[in-house]
Every structure is written in C-alpha cells, then in structure tokens.
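> Residue numbers for the sequence shown follow this note's numbering, so the first one is 11 and each next one is one higher. All C-beta atoms, glycine included, are put in the ideal place defined by N, C-alpha and C. As the structure is a computational prediction, the values presented were derived from the model and not from experiment.
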Amino acid sequence: MRIKKLILLFAFLSCCTTLLQAQQENAIIQAQQYFFNGDYQNAIKLYQKLYQNQQYQDFIFDNYFNSLLKINDFDEATKLVKKRIKEEGNSPSLLFYLALIQQNKGNAAEADKIYADVIKNLPADVFTISAIASNFYNNNNIEMATKTFLAGRRLLGNDTQFSIELINIYRYTKDKNNLSAEILNVLESTTEYLQMAKSSLQRTFENTEDYQTFKTILIKKVQKAPQNIALSDLLAWTFTQLKEYDLALVQTIALDKRSQDNGAKVFALSNIMADNEAYDAAIKGYNYIIEKGNNNSYYAPSKLELLKLQKEKLLNSNHSPSLVDLQKLANSYEDILEMLGKNARTIKAISELARLKAYYLNQVQEAELLLELALDTKGLNPEDLAELKIELADIYTLHKNFWDASLMLGQVEKSFPNHPLGQEAKFKNAKISFYKGDFKWAKSQLDVLKASTSQLIANDALDLSLLIQDNTFEDTSGNALKVYARTEFLRFQNLNNQALSLLDSLTKAYPSHALDDDIWVSKARIFSNMKQFEQAAKAYETIIEKHSQSIWADDALFNLALLYQDKLNNTPKAKQCYEQLLEKFPGSLYVVEANKKYRLLKEAI
11 MRIKKLILLF AFLSCCTTLL QAQQENAIIQ AQQYFFNGDY QNAIKLYQKL
61 YQNQQYQDFI FDNYFNSLLK INDFDEATKL VKKRIKEEGN SPSLLFYLAL
111 IQQNKGNAAE ADKIYADVIK NLPADVFTIS AIASNFYNNN NIEMATKTFL
161 AGRRLLGNDT QFSIELINIY RYTKDKNNLS AEILNVLEST TEYLQMAKSS
211 LQRTFENTED YQTFKTILIK KVQKAPQNIA LSDLLAWTFT QLKEYDLALV
261 QTIALDKRSQ DNGAKVFALS NIMADNEAYD AAIKGYNYII EKGNNNSYYA
311 PSKLELLKLQ KEKLLNSNHS PSLVDLQKLA NSYEDILEML GKNARTIKAI
361 SELARLKAYY LNQVQEAELL LELALDTKGL NPEDLAELKI ELADIYTLHK
411 NFWDASLMLG QVEKSFPNHP LGQEAKFKNA KISFYKGDFK WAKSQLDVLK
461 ASTSQLIAND ALDLSLLIQD NTFEDTSGNA LKVYARTEFL RFQNLNNQAL
511 SLLDSLTKAY PSHALDDDIW VSKARIFSNM KQFEQAAKAY ETIIEKHSQS
561 IWADDALFNL ALLYQDKLNN TPKAKQCYEQ LLEKFPGSLY VVEANKKYRL
611 LKEAI
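1. Using CA coordinates, which residue listed in V374, L252 and Y309 is at the minimum distance from V276?
2. Which first and last residues belong to the alpha helix (DSSP H) in which G295 is found?
3. Rounded to the nearest angstrom, what separates S199 and L259 at their Cα positions?
4. Determine the extent of the alpha helix (DSSP H) in which D404 is found, giving its start and end residues.
5. What residue does the alpha helix (DSSP H) around P430 start on, and which one ends it?
6. For A495 and S515, what's the separation of their Cα atoms in angstroms?
7. Once you ignore the five residues that flank S190 on each side, which residues in its own chain have a CB closer than 7 Å to its CB?
8. With contact counted as at least three CB pairs below 8 Å, one residue from each stretch, are the region 430 to 439 and the region 397 to 414 in contact?
9. CB-CB under 7 Å to A274, same chain, minus the five flanking residues each way: which ones, in chain order?
10. Cα-Cα, which of A143, T218, R501 and E423 is closest to Q251?
11. Measure the Cβ-Cβ separation of A571 and Y588 and say whether it is below 9 Å.
12. Please classify V602 as buried or exposed, where buried requires at least 16 other C-beta atoms within 10 Å of its C-beta.
13. Where does T88 sit, in a helix, a strand or coil, going by DSSP?
14. If you check the beta carbons only, do A584 and Y574 fall under 9 Å apart?
15. Going by the beta-carbon positions, is the gap between F2 and L476 smaller than 9 Å?
16. Residues in its own chain within less than 7 Å of A340 by CB, not counting five upstream and five downstream?
17. Does DSSP classify M540 as helix, strand or coil?
18. Return the CA-CA distance between A169 and Q237, expressed in angstroms with no decimal places.
19. Using the C-alpha atoms, what's the distance from V374 back to L314?
20. When you compare only the Cα positions, how much space is there between A566 and S558?
21. Are there 16 or more other CB atoms within 10 angstroms of the CB of M349, so buried, or fewer, so exposed?
22. Cα separation between E98 and I124?
23. Three Cβ pairs or more, each shorter than 8 Å: is that satisfied between the region 99 to 108 and the region 122 to 141?
24. What does the Cβ neighbour count give for F75, buried or exposed, with the cut at 16 atoms within 10 Å?
25. Should G389 go down as buried or exposed, given a rule of 16 or more other Cβ atoms within 10 Å for buried?
26. Could you check how far apart the C-beta atoms of S242 and Q212 are, in whole angstroms? I think they sit under 8 Å.
27. With DSSP collapsed to three states, give me the class of T262.
28. Between Y203, F249 and S210, which lies nearest to A240 when the distance is taken from Cα to Cα?
29. Exposed or buried, what is T463 when buried is set at 16 or more other beta-carbons lying within 10 Å of its beta-carbon?
30. Taking only the alpha-carbon atoms, compute the straight-line gap between I38 and L56 and give it to the nearest angstrom.
31. Counting only runs of 4+ residues fully inside the region 309 to 354, write out the alpha helix (DSSP H) ranges in chain order.
32. Could you check the C-alpha separation between L317 and E393 for me, to the nearest Å?
33. Across the region 287 to 307 and the region 502 to 515, are there enough close Cβ pairs to call them in contact, namely three or more that are closer than 8 Å?
34. Alpha carbon to alpha carbon, how far is G488 from D290?
35. What residue range does the alpha helix (DSSP H) around P521 cover?
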C-alpha cells in the first residue's frame, strides 16, 4: 500500500512539473511576441519571471537586455549584465553589453573605451571573435566589427582569417582601397575565391578610374608572384573590364599555356571581344585555339565563331561590301560546312549562309533549299528548329511566297505559345499581312502582341499598331498606308534604291501626311543600311526638328547618338543627343542603354 502511494505521488509530481514547464514555455512564446511587437513593458514582466529559471537564461538574455534598453531602463540593464559577469567572468561578450548601455546613454567616449577593452581581451577562438564582430555589425558599428576581425586575425596568427567577412564589409561600405587589398591578400594563398573576388569588385567599382587604380596595384602583385594563376587570371579580367582587349588576350593566352588548358578561357574572352566589336583581337583569339589542332574541343566552335566574326566585320564596316567579298565569305561557309558536316552543331552556320545568299547574293532559291534540307537535321532541339523555321519564313517572304511563310510561322506559334519565339513568329506573320495591305488582320494580331513578354516585340507591335490606326482612321481606304507598306517590303528585300524612290513619290503624292515622320524613319534606316551615314543623320535630325512629339522622336535621338558615336566620330554631338533623350524622354525604352553610353562618353572625355 505504501509503495502504491509513493508511485501515485511521483506521478502527481511529474504531472505538476510537466504542467509548470508547459506554462513557462507558453510564457516564453508570449514574451517573444511582446518583444517583436514592440510591447517592451509586458515583455520585461515575463522575462523577469522567466530569468529566475537558469535553464532559460541563455535563451532570453538578449531580448531581455534589449527590452530594457528600448525603455531606457539603464540601471536594470546594468544590473542584469553585471550579475551575469559575476557568474561567468569578465568575458568580452558581456563587456560588449556594458558598452551598449553607455552608447545608448549617450556616453560615446565611455562606450569606445569599453569597446577597446572588448577587442583587447578577445580570446583566441574563431567562433567567439565572429560572434563579437557580428554583434558590432548588427548594431551598425561597422568600424568596430572591422577592428574586431583584424584584431582576431592578428591574435590567431592567420593573415587570411576572416577574409570573406572583411570583403563583405568593405563591399558594403564601398571601401574600394581596403576591398582591393583584402582580395589580393586572400588570392595570394586561396585561389578558389577568384570568382567571388571578381563578383565583389564588379559590384563595388563604379567607373574606369576604379579599375585603373586596381590594375596598377595588381600588376605589381603579379610581378612579385608570377606563378600565382589566380592573380594572373584576375589581371586578364581587369584588362577586359577596361576594354584593353589586346592586353587581356596576351594575358589569357599566357595563362592557357602555363596551365596547359584547352583554350576555354581564350574562347570565352574571344566571344566577349566579338560582342564588343573588338574584331581584330577576337580573330587572334580564335586563331590561337584553331592552331591547337582539330582534336581540341574548342576547335570547331572557334572555326564557326571566326567565320561569323568575319561576316559581322564585313557587313558592319563603314562601307558596303563588294559582291566579290560577299561571295568569298559564302565560299568560306561552304568550305567549313563541308569540313564539319551539316549537323546540329553547325546549324547556326547553315542559317547564316542562307541569309548571306538570300539577302546579299540574290540566291534566294538556293537559300530556301539549304534551309528546307536543314529542317530534317537529326538532333535539333525544338528552339533551334523553331529559329530555323522563322529564318526560312523570312526567306519565303523575301521571295513573295507569303502563303508558305505564314504556314511556317504558324507552326512556330503553335509549338511555342506565350514564348518569345512564338511571339516573334506572330509578329512576323502580322508584318506579312501589313506588307499585303491587310491592315485589319495585322492590327488584330499586333494588339495581342502589345502584352508580349518580350519588351522589344511588345514595343514594335505597339508602334506598328498605332501606325495602322492613325493612318486608317480618316483615310479608311488606307491608300497612302498601302504605298508605305510596299516601301517597307522593299526595304525588307534589301532593295534600298527602289524603296527610297517610292518614299519620295509618296511624299509628293501626300504632302503633309501623318505618315511623314514614318517616312523619315524609313529613310534613315535605309541610308544606314547603305552606309550613307551623313544622310541617315540628316533624316533623324529632320524627325527631331519637325516631329518632336512623334512616337519616333526618342528612337531618332538614340539612333542619331549611335551614328555620331560609332560612325561619324562626333562625340560631342553624340553626348548632346543622349542628354536630350534622358531629359525629354525619361520613360523611353532606350533610357537605360542611353544612360550607360552617356556615362562612358563622359568618362572618356
């Protein structure tokens, strides 16, 4: 009987203990809710009771202390910390809390004195040092957080300890000098941080001057440690950021040779140089890889990119290419396709050759046949197949085979609904209807595309839809618009002189027509295609002067700036056009790009 009573008593006490624990846990949850809701008075009442239980002290100490600070009860906060110091010893972490009290009381000098003691008494423990520095950081005392990490590094005798933390602080504070020094310090021994280093510099550096300063320091480091591949790689990257492509290429090739690499970095750099129209340097890069031999994995891609680059260099020069040069280029494409075969890997080259034949060599039927056969290429991914169909549809359109072109584009629309490829196909189908004078159908398709996920397609669709709307509202027959549509089709066919002649006749037949600004835009584009850049500039200037409220005004300003900058070598006028665009058209689609180009021009002057 006595044993039974003892068992019942034990069970009762266990239930009481469990119940008490549950009540205290609920009290902790309630206290935390008060704290995060800013009800510090009620939070303190609960924390005071809970703090009497030693098992909860570590868990609630920070919020209890911060609640007291929030209501400026500095005396109670001091008692709380000093009691803990008495129990645990004069640790740097607890000294930190005393300094916070002085800081909140406005005693900055006293707080700094204690902070100095905190750092002076740091233990040789990575975790504790990190925790103290984090406390400084979380209290917006970035300077003391930095000092803590640096003191901890000295204490631990490790020059690269806390490098990532310091890099993050220097990046956050935009301390470019210390960021540069810390990155170079860590890369001297820890090469795996190279990509992180590039990312940190790119996010922090704001202009060419920053990169120039960094380059000067980096070159000295590389000279002292020429065997350090990470530093050499970073130097090549810095040259690239400064668009010093010849130097970047020399450095990258040297790296490739030293590491006996397969040319991957040279190939990547050559692509960057090609995108930035540094054609000669890019050609050197591709040729370097080709010289490694056809067993190299980048041999075929380099061959193809080199050919593409030769095409861009020929077509983007300031002079119209001769038929002889164009035919030579086409022959080079055919040679490489014979060497590498017509397959999924060379499908882009097949497409480029077809464009060359169709648009520049007047070999439309050959271009059609080339692409029709390419549609049966094995291993094509759906996107490549869709792009091939769009290309073929363009060439069908060029040959006035509108029915087959629409059919081909319709297939792409069906395969890629709500996708940029499908939307591009839909837009091209609407353009075919426009060329044919079926404005009602064209507009219905364009109005759908105004909500396209592609900003470029959405913008083009809106422009063409407005053109149709504005020029069929009063003139329901749309006769003037039909003539204009024919000039646009001639421009698409690359029959520039015929298009110009028809545009002139349209202006004579319909003087002061609403189409006047559109006519000047077409003329500007045609003159640009014909490499008559002075004439193109005059056309854009006419739009800006006569049609400053036109939807084409910002387009004209941006393209005029590009002409002055890239073709006519008139930097002051280019700068003036960018300024005008940014001032008058802050909502323009071109603002971001114009702002970037404008800043680069200002830096260059």
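Straight from the coordinates:
1. Ranked by Cα distance from V276, the options V374, L252 and Y309 are led by Y309.
2. It spans Y289 to I300 - the alpha helix (DSSP H) in which G295 sits, taken as one unbroken run.
3. For S199 and L259, the distance between alpha carbons rounds to 25 Å.
4. That run of the alpha helix (DSSP H) goes P392 to L408.
5. That run of the alpha helix (DSSP H) goes P430 to K446.
6. Roughly 13 Å between the two C-alpha positions.
7. Cβ neighbours of S190 within its own chain (closer than 7 Å, five residues either side excluded): F224 and I227.
8. The region 430 to 439 and the region 397 to 414 touch, with no fewer than 3 CB-CB distances between them shorter than 8 Å.
9. Only Y308 meet the Cβ criterion.
10. For Q251, the closest alpha carbon among the candidates A143, T218, R501 and E423 is that of T218.
11. A contact, by the Cβ cut-off of 9 Å.
12. In this structure V602 is exposed. Its beta-carbon is surrounded by fewer than 16 other beta-carbon atoms within 10 angstroms.
13. In the structure shown, T88 sits in a helix (DSSP, three-state: H, G or I).
14. For A584 and Y574, yes; Cβs fall inside 9 Å.
15. Since the first residue shown for the chain is 11 and the last is 615, residue 2 is missing from the structure and cannot be characterised.
16. Around A340: L363, L366, K367 and L371.
17. Here M540 carries a coil assignment [DSSP, helix/strand/coil].
18. First, the residue type needs correcting, since residue 169 is Asp and not Ala in the sequence shown. Distance between the alpha carbons of D169 and Q237: 20 Å.
19. If you take the alpha carbons of L314 and V374, they lie about 23 Å apart.
20. Taking C-alpha positions only, A566 is separated from S558 by approximately 10 Å.
21. Answer is exposed; the Cβ neighbour count stays below 16.
22. Linking E98 to I124 through their CA atoms gives a straight-line distance of about 18 Å.
23. Contact between the region 99 to 108 and the region 122 to 141 is present: 3 or more CB-CB pairs across the two stretches fall below 8 Å.
24. By the neighbour-count rule (16 or more Cβ atoms within 10 Å), F75 is buried.
25. By the 10 Å Cβ count, G389 comes out exposed.
26. Wrong, their Cβ atoms sit about 18 Å apart, outside the cutoff.
27. The three-state secondary structure of T262, taken from DSSP, is helix.
28. From the listed residues Y203, F249 and S210, the smallest Cα separation to A240 is found for Y203.
29. Exposed, by the Cβ-count rule.
30. Cα to Cα, I38 sits roughly 8 Å from L56.
31. The qualifying runs are 309 to 325 and 333 to 350.
32. Roughly 23 Å between the two C-alpha positions.
33. No: the two stretches stay apart, fewer than three of their Cβ pairs being nearer than 8 Å.
34. Answer to the nearest angstrom: the Cα atoms are 49 Å apart.
35. That residue, P521, is in no alpha helix (DSSP H); it is neither H nor E in DSSP.
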